[in-house]
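Below: the structure, in structure tokens.
Number of protein chains: 2
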Amino acid sequence: MLTTETVSQQTQSGFEGPEKLLEIWFKGPTSLHQITQSQWQNILDIVKCKILSTIKNDHTTAYLLSESSMFVYEHKLILKTCGTTTLLSAIPTILELVSSISLIVDSIFYSRKAFFFPEKQEFPHGVWSDEVEYLDSIFKGFNTAGYVIGKINGDHWCLYVATPMCNSDLNLIGPSSLGKEIANGIGGKIEKEITLEILMLDLDPEKMQKFWKSSSKDLKVFRINKLNIYKDAQVDDHLFDPCGYSVNGLLDNFYYTIHVTPELHCSYASFETCVPFDNLNDLVLRVVDIFGPAKFSTTLFSMNCPMNLDCAVDGFKCRDRIIHSLPGWDLMFCHYEK
Amino acid sequence: MLTTETVSQQTQSGFEGPEKLLEIWFKGPTSLHQITQSQWQNILDIVKCKILSTIKNDHTTAYLLSESSMFVYEHKLILKTCGTTTLLSAIPTILELVSSISLIVDSIFYSRKAFFFPEKQEFPHGVWSDEVEYLDSIFKGFNTAGYVIGKINGDHWCLYVATPMCNSDLNLIGPSSLGKEIANGIGGKIEKEITLEILMLDLDPEKMQKFWKSSSKDLKVFRINKLNIYKDAQVDDHLFDPCGYSVNGLLDNFYYTIHVTPELHCSYASFETCVPFDNLNDLVLRVVDIFGPAKFSTTLFSMNCPMNLDCAVDGFKCRDRIIHSLPGWDLMFCHYEK
Chain A
1 MLTTETVSQQ
11 TQSGFEGPEK
21 LLEIWFKGPT
31 SLHQITQSQW
41 QNILDIVKCK
51 ILSTIKNDHT
61 TAYLLSESSM
71 FVYEHKLILK
81 TCGTTTLLSA
91 IPTILELVSS
101 ISLIVDSIFY
111 SRKAFFFPEK
121 QEFPHGVWSD
131 EVEYLDSIFK
141 GFNTAGYVIG
151 KINGDHWCLY
161 VATPMCNSDL
171 NLIGPSSLGK
181 EIANGIGGKI
191 EKEITLEILM
201 LDLDPEKMQK
211 FWKSSSKDLK
221 VFRINKLNIY
231 KDAQVDDHLF
241 DPCGYSVNGL
251 LDNFYYTIHV
261 TPELHCSYAS
271 FETCVPFDNL
281 NDLVLRVVDI
291 FGPAKFSTTL
301 FSMNCPMNLD
311 CAVDGFKCRD
321 RIIHSLPGWD
331 LMFCHYEK
Chain B
1001 MLTTETVSQQ
1011 TQSGFEGPEK
1021 LLEIWFKGPT
1031 SLHQITQSQW
1041 QNILDIVKCK
1051 ILSTIKNDHT
1061 TAYLLSESSM
1071 FVYEHKLILK
1081 TCGTTTLLSA
1091 IPTILELVSS
1101 ISLIVDSIFY
1111 SRKAFFFPEK
1121 QEFPHGVWSD
1131 EVEYLDSIFK
1141 GFNTAGYVIG
1151 KINGDHWCLY
1161 VATPMCNSDL
1171 NLIGPSSLGK
1181 EIANGIGGKI
1191 EKEITLEILM
1201 LDLDPEKMQK
1211 FWKSSSKDLK
1221 VFRINKLNIY
1231 KDAQVDDHLF
1241 DPCGYSVNGL
1251 LDNFYYTIHV
1261 TPELHCSYAS
1271 FETCVPFDNL
1281 NDLVLRVVDI
1291 FGPAKFSTTL
1301 FSMNCPMNLD
1311 CAVDGFKCRD
1321 RIIHSLPGWD
1331 LMFCHYEK
């Protein structure tokens, strides 16, 4: 999505829709819910984005941001920002803030798609090895891993993981152990979680028209019928001026979020959810149908859950299928082209 | 292994044991066996290495080189070179040479471990993105993919694949399709093949002593009992002066090859085989026992074969397990540390 300020820039070059995604798991006797909105805004000032609106339930507060979204759980922070935001620069201040309420980091996951315009990013962003080195300098007592997943000479996705030293043993027995049950470090109980992202490029121009402010009536009809993928969710959305669209949704202790950059020369949409699903392929097909991408990637993170993603998607060719087995986690990356 | 000339250099810094590995599949009405040894030596002059000795059978000629090995099949070339050899620079001349006997390229695979001393390599070698760009400039009509597999901030392995455009569709149904049967492009028949590499670092100093010329008696006893892994193989080996050891073995239409750099500050050994095996884990354990590495990686390429590698290796922790599904191929990369 775009702020008015960045529109003049993007007219000349293009907006960086692809987000930086940071997920931090904390442990300790208190809760992130003790942190006030103005304290979060101080963090977001470093990132260079603003809180537009919030929704909340008993588990989660969802912040709709000027550049994407933030979800705050008791012991988990998910911060996703697009454009030229400086997400990583906020980590030291986040760690200070949570330390003041006696929370410490358990694990972190940082990821992003290959940027459209890496040269426009501010250090340490833009060059993946710089981002990894920056994170390694912060997470010194952790097992850390920086990966480039997919073609370096094509669409790819970058992932950084920092986990506790004691949690680093992978003793796996063949591919069937994907979906195995491992006790994780948080409170000693087995956490089950699955997170799916669908990152879409070169979107259908006709389907993009409704994501401009000038066509906001079309969007109103559309979002009720189509974009509200989970019927019972509590939803917060925003149509940017002159274009761009964001949705946050909460459903029990799960979230989903959608962000759309509709400009034809840099069109991009992302869908992310941790809401459990019966048929993952069906969900992928529904989302892809909304935006009509020429190519897209899926990233499926699974903690102690089977990864039942059939890689066949009608009308697309799967050009890459890569499975990583991380300590306690499995990850499947697929890349599709028409 | 080392030539006398490079010893003085490596005393100051270290020898680059980790090899560059090029495998090219050809198609056409003739055979690579028509190419003479002096024509191959012309190619190897560009790479900067020499033929030391050869063995052959009905299927294959195996060349033991001053820097590693070359295997020539009717329609397949495998060239593996270590040190600061300039392997990629030879590709244009290889393509000219095979073109003169009416062969064309079907697929190529180029891979290497992360270098110990990338700054000592000659362009395009040393920086993976340069190597990928160089190969892309040669293989313009192909589907190409350059991957970094494993941690960019730790041990990793780089792979480049160029396959025919028509062979690029991945329509897979879940992880169980690993080992599926796909007709490949060569002659329309289903080729089955499996290639295993074990790349070992920080080797046991005591086990390294026998790979010095001064202890050649120990090696003679040892190689008969231990290093000759396939009892019926035709074997060609070389102990370098002052140290370093290479073996080529042929068994029917399969090969294996071992290369050892025993110097403590840059110790490295590689084992590669396409000989079919009943128990892959047992083979890995046997090889690891010979060299005593503190860490090692396995790469298992499988064409239309099940990948029955149990990732558990006694005494080691599996730090990475990554599976790539390439068109017609599956690849499993594992990294182990003590």
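Protein sequences, first through last, are from chains A and B.
End of the first sequence = 338 in our numbering, gap-free, step of one.
End of the second sequence = 1338 in our numbering, gap-free, step of one.
Glycine is no exception: its CB is placed at the ideal position from the N, C-alpha and C atoms.
Since the structure is predicted, the reported quantities are computational estimates derived from the model, not experimental observations.
ask   = For the beta strand (DSSP E) that contains B:Leu1135, what are its first and last residues?
value = First-last for B:Leu1135: Trp1128 to Ile1138, but that is the alpha helix (DSSP H), not the beta strand (DSSP E).
Alpha-carbon to alpha-carbon, A:Phe15 and A:His265 = Our two residues, A:His265 and A:Phe15, have alpha carbons roughly 9 Å apart in a direct line.
message = Is it buried or exposed, B:Gln1121, if we count other Cβ atoms within 10 angstroms and call 16 or more buried?
response = Buried, since its Cβ has 16 or more Cβ neighbours within 10 Å.
inquiry  = To test your reading of the DSSP string, which unbroken alpha helix (DSSP H) runs of 4 or more residues are found completely within the segment 1276-1301 of chain B?
reply    = Runs of the alpha helix (DSSP H) inside the segment 1276-1301 of chain B: 1280-1291.
message = Short of 8 Å Cβ to Cβ, which residues in the segment 1122-1140 of chain B face chain A?
response = For chain A, the residues of the segment 1122-1140 of chain B that bring a beta carbon within less than 8 Å of one of its beta carbons are Trp1128, Ser1129, Val1132, Glu1133 and Asp1136, in chain order.
Residues near B:His1335 in its chain [Cβ-Cβ closer than 6 Å; skip 5 each side] = These residues qualify, in order along the chain: Gly1150, Asp1155, Ser1297, Arg1319 and Asp1320.
request  = Report the residues of the segment 1290-1324 of chain B with a CB closer than 7 Å to any CB of chain A, ordered along the chain.
outcome  = For the segment 1290-1324 of chain B, the beta-carbon criterion of a distance under 7 Å to any beta-carbon of chain A is satisfied by Asp1310, Cys1311, Ala1312, Lys1317, Cys1318, Arg1319, Arg1321, Ile1322, Ile1323 and His1324.
key: At least 3 beta-carbon pairs within less than 8 Å: the segment 102-118 of chain A vs the segment 23-42 of chain A   = Output reads yes: the segment 23-42 of chain A touches the segment 102-118 of chain A.
message = Any beta carbon of chain B sitting closer than 8 Å to that of A:Val284?
response = Using a Cβ-Cβ cut-off of 8 Å, A:Val284 does not count as an interface residue toward chain B, since no Cβ of chain B sits closer than that to its own.
task = Can you have a look at A:Lys220 and say buried or exposed, based on whether 16 or more other CB atoms are within 10 angstroms of its CB?
result = The residue is exposed, with fewer than 16 neighbouring Cβ atoms inside 10 Å.
query = First and last residue of the alpha helix (DSSP H) that includes B:Met1208?
reply = Counted as a single uninterrupted DSSP element, the alpha helix (DSSP H) harbouring B:Met1208 occupies residues Pro1205 to Met1208.
ask   = For A:Ile108, which of helix, strand or coil comes out of DSSP?
value = Reduced to three states, the DSSP call for A:Ile108 is strand.
request  = Would you kindly check if the distance between the Cβ of A:Val260 and the Cβ of A:Phe211 is under 8 Å?
outcome  = Closer than 8 Å, so yes.
key: Interface partners of A:Ala145 on chain B, CB under 9 Å   = Proximity of chain B to A:Ala145 at the Cβ level (cut-off 9 Å) is accounted for by Gly1150, Lys1151, Ile1152, Asn1153, Gly1154, Arg1319 and Asp1320, in chain order.
query = Does the separation of the CB atoms of A:Ala62 and A:Tyr255 fall below 8 Å?
reply = Less than 8 Å divides the Cβ of A:Ala62 from the Cβ of A:Tyr255.
task = Would you mind sorting A:Pro18 into buried or exposed? The rule is 16 or more other CB atoms within 10 Å of its CB.
result = Classification for A:Pro18: buried.
request  = Kindly indicate the opening and closing residues of the alpha helix (DSSP H) around A:Leu95.
outcome  = Under the DSSP assignment, A:Leu95 falls in the alpha helix (DSSP H) whose first and last residues are Ile91 to Ser99.
key: Through-space distance from A:Ile43 to A:Ile94, alpha-carbon basis   = One C-alpha to the other measures close to 7 Å.
request  = Tell me whether B:Pro1118 sits in a helix, a strand or coil according to DSSP, three-state version.
outcome  = Helix at B:Pro1118.
query = First and last residue of the beta strand (DSSP E) that includes A:Trp212?
reply = Unbroken run through A:Trp212: none, as it is neither H nor E.
task = Tell me whether B:Gly1141 is buried or exposed, calling it buried when 16 or more other Cβ atoms sit within 10 Å of its Cβ.
result = If you draw a 10 Å sphere on the C-beta of B:Gly1141, you find fewer than 16 other C-beta atoms in it, and that means exposed.
ask   = How close, in whole Å, do the beta carbons of B:Thr1084 and B:Val1072 come, if the pair is a contact with beta carbons under 8 Å?
value = Between B:Thr1084 and B:Val1072, the beta carbon gap of about 24 Å keeps them out of contact (Cβ cut-off 8 Å).
Whole beta strand (DSSP E) elements within the segment 6-45 of chain A, 3-residue minimum = If we require 3 residues or more, the beta strand (DSSP E) runs fully inside the segment 6-45 of chain A come out as 20-27.
ask   = Can you tell me where the beta strand (DSSP E) with A:Pro262 in it begins and where it stops?
value = In the DSSP assignment, A:Pro262 falls outside any beta strand (DSSP E) and carries neither an H nor an E.
inquiry  = Mapping the DSSP letters down to three states, classify A:Lys80 as helix, strand or coil.
reply    = In the three-state reduction of the DSSP assignment, A:Lys80 falls in the strand class, which pools E and B.
key: Residue span of the beta strand (DSSP E) that contains B:Phe1142, given as start and end   = It spans Phe1142 to Gly1150 - the beta strand (DSSP E) in which B:Phe1142 sits, taken as one unbroken run.
inquiry  = With the cut-off set at 8 Å, would you say A:Lys338 and A:Leu201 are in Cβ contact?
reply    = For A:Lys338 and A:Leu201, no; Cβs fall outside 8 Å.
ask   = Got a sec? Which residues, its chain only, sit under 6 Å from B:Ser1013 by beta carbon, not counting five neighbours each side?
value = In the same chain as B:Ser1013, and ignoring 5 residues on each side of it, no C-beta atom comes closer than 6 Å to its own.
query = Going along the chain, which residues of its own chain have a beta-carbon closer than 6 Å to the beta-carbon of B:Ala1162, five neighbours each way excluded?
reply = If we look at B:Ala1162 and ignore the five residues flanking it on each side, its Cβ neighbours are Ile1108, Phe1139, Phe1142 and Thr1144.
request  = On a CA-only basis, which of B:His1075, B:Glu1074 and B:Val1047 is nearest B:Leu1065? Give me that one, please.
outcome  = It is B:Val1047 whose Cα lies nearest to the Cα of B:Leu1065.
task = Could you check how far apart the C-beta atoms of B:Leu1087 and B:Lys1020 are, in whole angstroms? I think they sit under 8 Å.
result = B:Leu1087 to B:Lys1020, Cβ: 4 Å. Contact.
task = Pull up the DSSP beta-bridge partners for B:Tyr1063, would you.
result = Paired residue(s): B:Thr1054 and B:Met1070.
query = Hey, how far is the Cα of A:Leu77 from the Cα of B:Val1148?
reply = Distance between the alpha carbons of A:Leu77 and B:Val1148: 29 Å.
request  = Give the straight-line distance between the Cα atoms of B:Val1313 and A:Asn248, rounded to the nearest whole angstrom.
outcome  = Answer to the nearest angstrom: the Cα atoms are 45 Å apart.
message = For a test of the three-state rule: what should DSSP assign to B:Lys1220, helix, strand or coil?
response = In the structure shown, B:Lys1220 sits in a helix (DSSP, three-state: H, G or I).
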